Amino acid sequence: FMRYNELKYILDSRMKMTVVLGAQWGDEGKGKVVDLLAMDADIVCRCQGGNNAGHTVVVDSVEYDFHLLPSGVLNKKAVSFIGNGVVIHLPGLFDEAKKNLEKGKGRVNASADAIHKRHVICFLWPLVFNFHQAVDGLQEQQREQQEGKNLGTTKKGIGPAYSSKAARNGLRICDLVSDFKVFEEKFRMLATHFQMMYRNLNVDIEAELQQLKIYAEKLRPLVTDGVYFMHKALTGPSKRILVEGANAALLDIDFGTYPFVTSSNCTVGGVCTGLGVPPSHVGRVYGVVKAYTTRVGVGAFPTEQDNETGDLLQSRGREFGVTTGRRRRCGWLDLILVRYAHMVNGFSAIALTKLDILDTLPEIKVGVAYEVDGHPLPSFPANMDVLTRVTVEYKTLPGWQCSTEAARSFDELPSQAQNYIRFIEDFLQVPVKWVGVGKSRESMIKLF
Ligand code: GDP
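Using the working numbering, the letters of the sequence shown correspond one by one to residues 341 to 788.
Next comes the structure, spelled out in C-alpha cells:
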C-alpha cells in the first residue's frame, strides 16, 4: 500500500498544484502570469504575505490592483482560497473587494454577497489590527532615528502582525468568529501590550472593536477548516489549483537579503506551511523573472544602474510601487540572483516579463558572475555585508532596437531578442515558457 501511495503521487498530476513565484525582488509581473493561468483554474490560493504586496492586472483595458485577494478572482468560476500563511487586515480586505468590484462592474467576484460562494477563508488566519499598522510606522521612525535608515516597509502592519504570531499573543480569525467576549478580552490585552511598548501609540480600542464585530458577522459564513478544504480539493474529484506567491525570493525572511526582506517565506516552502498541504502535492513551480532587475527601498543591489540606463528602465517600465507609489531602483538582469532563487525554488519553467522595456537599448548587459576581494563567489551571498562589496561580471548582448510589442510568437521576435531569451535559459538551465512584451493578456508569448 505504501509503495502504491508513492507511485500514485508521481503518476497523478491531477493532484499537483501549480505555483507562481517571484524570482527577484518583487514586482516581476506575477499578477499577469497568475491571471493567465487562473483563466482555467478551479481554485486560486494565496499562501503568504499580506496587503503589503500589490499585483496589477489589466483586462479589457481596466487596470485592477490586488493586495490580499488572489488576482485569480478575475476568473468568475474560480474559488479563491486565502490560506493560514496570509496575515489579514480586515478593513483592507473589504476596501479592496469594494474598489475592484466597482472597477470590474461585476467581473470581480468579490462583492459581499458573491463572496459567499467563491471565497474561502482559513480559520487560522492571523489578523492585522490597526495598531499593528501604527506600530509599523513607529518602528520605521525608530530605525530612521537610531540607524539613519529604514527597511522601507509599506507600513501595512505586516511585520508587527507576523511578530505577534511568533510571539504567540496574536489573534486569529477563528478567535474573532467565536465568542466575541473572549475575543474582546484578548484584543484589549494585545492592544495594551503594544501601548506599553510604544508610548506614542494611539489606539482607539472601542472604535476598532466595534468595527471588528461587524466584520465578524460578515465573515463567519466564509471561515472554514483550511487544511480539510485543501485536502478535499487535492484528493477529491480532479481540480486545477493555482497558488499565487506574493513578494519574491529575495524578499524571503530566510533566504532573502535580510534585513531588507518581508516577514514571510515567499519561496516554495511557504506554499506548504501557508496552505497546510504536503510537499508531494506541489507540481509545477513557475518563476517570474523580469527582463531586468528592480528593487524598492534601501539595500545592496549589485547590478543597479544609477545612470541613464537605470532612468530609461525606470521610465519605460513605469517602475513605481503599486502599494506605495515609490520609485523603484533599476538595473541589468542579475542571473546570479535568479539562479539562487532557482536553487531554493526549483523552477520548472520561467515567465520572462517586460522584454519590451529593453526594446530601445543598443546593447544589453546581464550579470553572470560575482567577485569579492578578487575571489569569485560560487553563489549569491544573501549576507548583506558581502553583497554590498561584490563586483559584477557582465555579459554584453546586442540589443534589437525595434518594438517587440506586436510579436505574438517566438519566431516573430527579433533574432537578438531570441538570443537574449536563449542565453537566460542556457545560463539557468531552466526553460522560458512565456515572454511578456506588453501589459495586456494577449502580449504574453507562449513558447511551449
Ligand atoms: P507583481 O507584483 O509581480 O504582479 O508586479 P507589478 O504588478 O508590480 O508590476 C507589473 C507591472 O508591469 C504591471 O503594471 C503590469 O501590467 C506590467 N507588466 C507585466 N508584464 C509586462 C510586460 O511584459 N510588458 C510590459 N510593458 N508591462 C508588463
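C-beta atoms are modelled at their ideal positions from N, C-alpha and C, and glycine is treated no differently.
Just so we're clear, the structure is a prediction, and the values are computed from it rather than from any experiment.
Top-ranked residue by Cα proximity to residue i, from the options
i    : options                : result
P431 : D375, G394, A531, Q550 : Q550
E584 : G566, I422, R781, N392 : I422
G394 : C670, K496, A381       : K496
F641 : S688, R658, L591, C612 : L591
Y598 : T728, L511, H571       : T728
D380 : W740, T358, K443, V770 : T358
G776 : E765, F750, L574, A501 : F750
S503 : V419, I593, L377, D515 : I593
G412 : F406, L433, D382, D375 : D375
Q479 : Y760, C462, A501       : A501
L563 : S518, S603, M529, T613 : The residue you asked about is not Leu; residue 563 is Val in the sequence shown. Among S518, S603, M529, T613, the Cα nearest to that of V563 belongs to S518.
D646 : W672, V726, Y568, P577 : W672
W740 : A757, V399, E782, R679 : A757
C670 : K630, N723, N440, N415 : K630
P754 : F720, D696, N723, E733 : D696
V730 : S655, C742, G639, L717 : L717
R386 : S604, Y760, G499       : S604
W365 : F600, I428, S743       : F600
G499 : E442, V419, N392       : N392
A556 : H533, E524, E648       : E524
E546 : M536, K558, T532       : T532
H571 : C612, L552, D476       : C612
A747 : V625, T736, S780       : S780
Residue i, enclosing alpha helix (DSSP H) - first and last residue
i    : result
K773 : Here K773 belongs to no alpha helix (DSSP H); instead the beta strand (DSSP E) covers 772-776.
A507 : 498-507
Y760 : 755-768
L530 : 520-537
A709 : A709 -> not in any alpha helix (DSSP H); beta strand (DSSP E) instead, spanning 703-712.
D515 : 513-516
C670 : Looking at the DSSP string, C670 is not in any alpha helix (DSSP H); the run it does join, the beta strand (DSSP E), is 669-671.
C612 : 609-615
Where the beta strand (DSSP E) through residue i begins and ends
i    : result
F687 : Run containing F687: none; DSSP gives neither H nor E here.
C462 : 459-462
V374 : Note, V374: premise wrong, no beta strand (DSSP E); alpha helix (DSSP H) at 370-378.
E648 : Looking at the DSSP string, E648 is not in any beta strand (DSSP E); the run it does join, the alpha helix (DSSP H), is 648-656.
T731 : 731-738
M724 : It is not in any beta strand (DSSP E) - M724 instead sits in the alpha helix (DSSP H) that spans 724-727.
K817 : Since the displayed the chain opens at 341 and closes at 788, residue 817 lies outside it and no answer follows.
I428 : Segment: none, I428 is in no beta strand (DSSP E) and carries neither H nor E.
K558 : Run containing K558: none in the beta strand (DSSP E); it sits in the alpha helix (DSSP H), 545-559.
L582 : 581-584
T602 : Element bounds for T602: n/a, residue is neither H nor E.
G362 : 357-362
V629 : 622-630
Residue i classed as buried or exposed, judged by whether at least 16 other C-beta atoms fall within 10 angstroms
i    : result
K372 : buried
K786 : exposed
S401 : exposed
H715 : exposed
T700 : exposed
Q485 : exposed
Y568 : exposed
P577 : exposed
V397 : buried
I554 : exposed
F788 : exposed
T575 : exposed
V660 : Rather than Val, the amino acid found at residue 660 in this sequence is Phe. So F660 ends up on the exposed side.
M784 : buried
A452 : Confidence is the limiting factor: at A452 the pLDDT is only 48, short of 50, which leaves the residue's position unreliable, though a coordinate-based value still follows. Classification for A452: exposed.
A506 : exposed
Within-9 Å CB hit, residue i to chain C
i    : result
L727 : Absence of chain C from the displayed structure is noted, only one protein chain being present.
Would you call the region 471-481 and the region 538-548 touching, i.e. three or more CB-CB distances under 8 Å?
A contact is defined here as three or more CB-CB pairs under 8 Å, and the region 471-481 meets this definition with respect to the region 538-548.
Counting pairs of Cβ atoms below 8 Å between the region 673-693 and the region 761-777, do you hit three or more?
Below 8 Å, enough C-beta pairs join the region 673-693 and the region 761-777 to call them touching: three or more.
So does the region 710-726 actually touch the region 606-622, counting three or more Cβ pairs closer than 8 Å?
Contact fails between the region 710-726 and the region 606-622, because fewer than three Cβ pairs, one in each stretch, are under 8 Å apart.
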